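Encoded as structure tokens, the structure appears first; notes follow it.
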Amino acid sequence: MKPKSNNIEKMILILVFVVALTIRVIGIQWGLPGQNHLHGWFLADEPKILRAALALFRGDYWVNLLHNYPFFYYLSSLLFALYYGVAHLLGIYPDFTSFETQYIVDISPFLVVGRLFVATFASLTVVGVFFLAKKMFDRTVAWIATIFMIFSFGHVVYSKVYRLDPFLPFLFVATFYAILRLGEKVDEKMLRPFVICGLLLTITFATKITGWALLVPFLLLPLVYNKKYIDWNSFLPRLDSRYVFAGFIAILFYIALILPILPSLGETFSNISRWVGETPNVNLSALSPYQHSIFWHFSNTLPRQMGWGIYLFAILGLFILLFSRKYSQHKILLLSLLVTYLLPIGYAARVTWRDMLPILPFLYILAALALYQVTVFLVERVHWLSSINLALVLGVLVLNLMPVYHLYRQKYLILQPDTRDISRDWIVEHIPVGSRLAIELYGPGVWDQTHYEEVNSFIRENEQVAWYDFSPPTHEVSLLSREMAEEQGELHPDQLLSFLKTEHIEYVVVSSAYYGRFYNDASSTHFPELVQAAHLYYDLIESNLHLVKQFIPDWRERPGPVIQIYAVPLDLNVDAPALDKVFEPFPGMESPASAVGYYQFSPR
531 MKPKSNNIEK MILILVFVVA LTIRVIGIQW GLPGQNHLHG WFLADEPKIL RAALALFRGD
591 YWVNLLHNYP FFYYLSSLLF ALYYGVAHLL GIYPDFTSFE TQYIVDISPF LVVGRLFVAT
651 FASLTVVGVF FLAKKMFDRT VAWIATIFMI FSFGHVVYSK VYRLDPFLPF LFVATFYAIL
711 RLGEKVDEKM LRPFVICGLL LTITFATKIT GWALLVPFLL LPLVYNKKYI DWNSFLPRLD
771 SRYVFAGFIA ILFYIALILP ILPSLGETFS NISRWVGETP NVNLSALSPY QHSIFWHFSN
831 TLPRQMGWGI YLFAILGLFI LLFSRKYSQH KILLLSLLVT YLLPIGYAAR VTWRDMLPIL
891 PFLYILAALA LYQVTVFLVE RVHWLSSINL ALVLGVLVLN LMPVYHLYRQ KYLILQPDTR
951 DISRDWIVEH IPVGSRLAIE LYGPGVWDQT HYEEVNSFIR ENEQVAWYDF SPPTHEVSLL
1011 SREMAEEQGE LHPDQLLSFL KTEHIEYVVV SSAYYGRFYN DASSTHFPEL VQAAHLYYDL
1071 IESNLHLVKQ FIPDWRERPG PVIQIYAVPL DLNVDAPALD KVFEPFPGME SPASAVGYYQ
1131 FSPR
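Terminal number for the sequence shown in this note's numbering: 1134, no gaps in between.
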């Protein structure tokens, strides 16, 4: 490429990054201002992740290895250290006490910083797709894939949330690119590319355990790029000298990452034992109430994230790559990554949008390949299609119509009052101060004195903040989902009425988001006993309590889950049976798994 053309490409990529970042930053303030709570407007994980990162910043290494993977939190801690340093120099936080006070009063600035951090890496992923696609195929395919990635609905939505999942695709793209670069040098006597790949693999795995899928294409490199039959006598020494050394460096690096959190390894191993199961015949997914097969993603998640048109072209691109005589080396590595990643996801019954984020860049590259191949095929055979470039531009515009429309709707919805905000305001205005409420997870945030006293500063994990003068309580609140569930999703209907009576609960607030997450169509198939218990649980509420107010979302104007507020009668009979009827989903839900509006801006 000529230097001038190279400079033009760099300028265009800078413009691509700016456009991608702008799209991901618009609406980033959704759910704010926010309080330090776990089940309010924004995702429940954001405050927990924020506390973990800030605790590491302060030197409290209490992060659990399997639930809070260390590398993302170390990076986030450096981010907040930089944020505090700059804000301190600007006079925003005169001392560290004011920094902690801001966290307790309103965590909005912290969430904005975290979300901007995630959105930046998500935008870098878009640029990385260009380089990866150009390395695998050619520049035309690379530009098409980049445009697809810019307007990726699923990727943009999660880029507005402070969590590690939108950060992971960047690591997948960077590591796979490094593997391809290593493949070009595998026959050369070079050690540095192996070490770089080993470190990137370690960082990806230390960010989330699914990063181990990249290990397979890494190990397949000598088999794929060796142009002759493998001489094991010469291959094994190379394997020992470079793979083993790179692996040794990677292991040391990983130990360095987890060393500060070794005290929590006992809890980690306990979680592993619980996940694997207590009996030999229980698989990894047996403890997940929202189990489903991998076909869920191919029929639901991916089409919604990508748009049906791009999704179908991605499937076509997969077949083109599979049966093509070209790209044989890249074909094996890419297919090994997709299979290695998708099969455990299906086996472990993960049905969340975020689990598909790491492979979205690769699917967009496949869709771009298919669009290019189909366009070339049509131009050669249809006489009135005289220009390949014009046909490609039209194809890209048509395929991006659905993602762009979804992005427009999502941007509008996330900035509208949520049903949880509306119901919270109604509770504050209509339910007397001091009333005892039991609120489900993902319900409105209404706080009591107990919550304020137990709010976590990041001084220590559960240390009370005695130096801050909290505002008076509004209502006394119990988190119903925790009272009724020993494990997530395991409701106990036999204890519900007695709990309400014993604790003198006056109002119960339920949310379709909780039901939709743990008792969806997948659960009906794999965990019928849990779903049956949930149906009895909600039947008891409907049969014995009085519905006072109901807030139903509107996909056009009002996002959020269905919120129902029930009054507990003074003469509540704890032995009262439920109505003998078939449980129906919350109104406004097409199925138990789709709380209308809620998943449009915060997909699970």
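Positions of the beta carbon are idealized from the N, C-alpha and C atoms, including for glycine.
Here the structure is a predicted model, which is why all the values come from computation and not from measurement.
Can you give me the start and stop residues for the beta strand (DSSP E) that residue i sits inside?
i	result
residue 645	No beta strand (DSSP E) holds residue 645; the alpha helix (DSSP H) holding it covers 638-666.
residue 966	966-969
residue 1096	1093-1097
residue 1079	1076-1081
Quick one, which of the options has its alpha-carbon nearest residue i's?
i	options	result
residue 702	580, 612 and 748	748
residue 925	903, 1088 and 913	903
residue 866	538, 744 and 1091	744
residue 560	850, 1066, 579 and 688	688
residue 954	1091, 930 and 1063	1091
residue 711	669, 671, 740 and 664	664
residue 1104	1064, 1034, 1046 and 931	1034
residue 729	714, 552, 750 and 704	704
residue 691	634, 555, 920 and 1064	555
residue 577	636, 608, 547 and 549	636
residue 917	905, 1061 and 927	905
residue 580	617, 638, 549 and 1039	638
residue 893	677, 562, 617 and 1046	677
residue 961	1073, 746 and 1037	1037
residue 732	602, 656 and 671	602
residue 725	855, 779, 644 and 837	779
residue 1028	641, 585 and 1099	1099
residue 683	913, 883, 1068 and 919	883
Reducing DSSP to helix, strand and coil, say where residue i ends up.
i	result
residue 687	helix
residue 669	helix
residue 1084	strand
residue 556	coil
residue 816	With a pLDDT of only 36 at residue 816, under the threshold of 50, the placement of this residue in the model should not be trusted; the figure read from the coordinates follows. In the structure shown, residue 816 sits in coil (DSSP, three-state: anything other than H, G, I, E or B).
residue 1071	helix
residue 537	helix
residue 681	coil
residue 856	coil
residue 1106	coil
residue 562	coil
residue 1034	coil
residue 869	helix
residue 693	coil
residue 974	coil
residue 511	Nothing can be reported for residue 511: it is not among the residues displayed for the chain, which extend from 531 to 1134.
residue 1062	helix
residue 919	helix
residue 885	helix
residue 841	helix
residue 500	Residue 500 lies beyond the stretch modelled for the chain, which goes from 531 to 1134, so this question has no answer here.
Quick check: is the beta carbon of residue i nearer than 8 Å to any beta carbon in chain B?
i	result
residue 741	Although the question refers to chain B, the structure presented lacks it and comprises just one protein chain.
Give the straight-line distance between the Cα atoms of residue i and residue j, rounded to the nearest whole angstrom.
i	j	result
residue 709	residue 536	24 Å
residue 833	residue 675	16 Å
residue 858	residue 895	16 Å
residue 911	residue 873	39 Å
residue 626	residue 615	10 Å
residue 908	residue 898	15 Å
residue 552	residue 935	16 Å
residue 544	residue 654	10 Å
residue 696	residue 1064	32 Å
residue 613	residue 699	24 Å
residue 685	residue 1072	38 Å
residue 610	residue 624	16 Å
residue 740	residue 619	40 Å
residue 901	residue 952	45 Å
residue 1102	residue 1023	15 Å
residue 948	residue 1089	5 Å
residue 939	residue 1025	42 Å
Looking at the ligand MG, does it come within less than 7 Å of residue i, judged from the CB to the closest heavy atom?
i	result
residue 586	Absence of the ligand MG from the depicted structure is noted, as is the absence of any ligand whatsoever, leaving it without description.
Kindly indicate the opening and closing residues of the alpha helix (DSSP H) around residue i.
i	result
residue 1041	Taken as a continuous stretch (DSSP letters only), residue 1041 belongs to no alpha helix (DSSP H), being part of the beta strand (DSSP E) at 1037-1041.
residue 632	626-635
residue 951	949-960
residue 713	698-714
residue 1022	Taken as a continuous stretch (DSSP letters only), residue 1022 belongs to no alpha helix (DSSP H), as it is neither H nor E.
residue 834	832-836
residue 612	600-619
For the stretch 716-750, which segments carrying the alpha helix (DSSP H) assignment without a break, of at least 4 residues, lie completely within its bounds, in sequence order?
722-737
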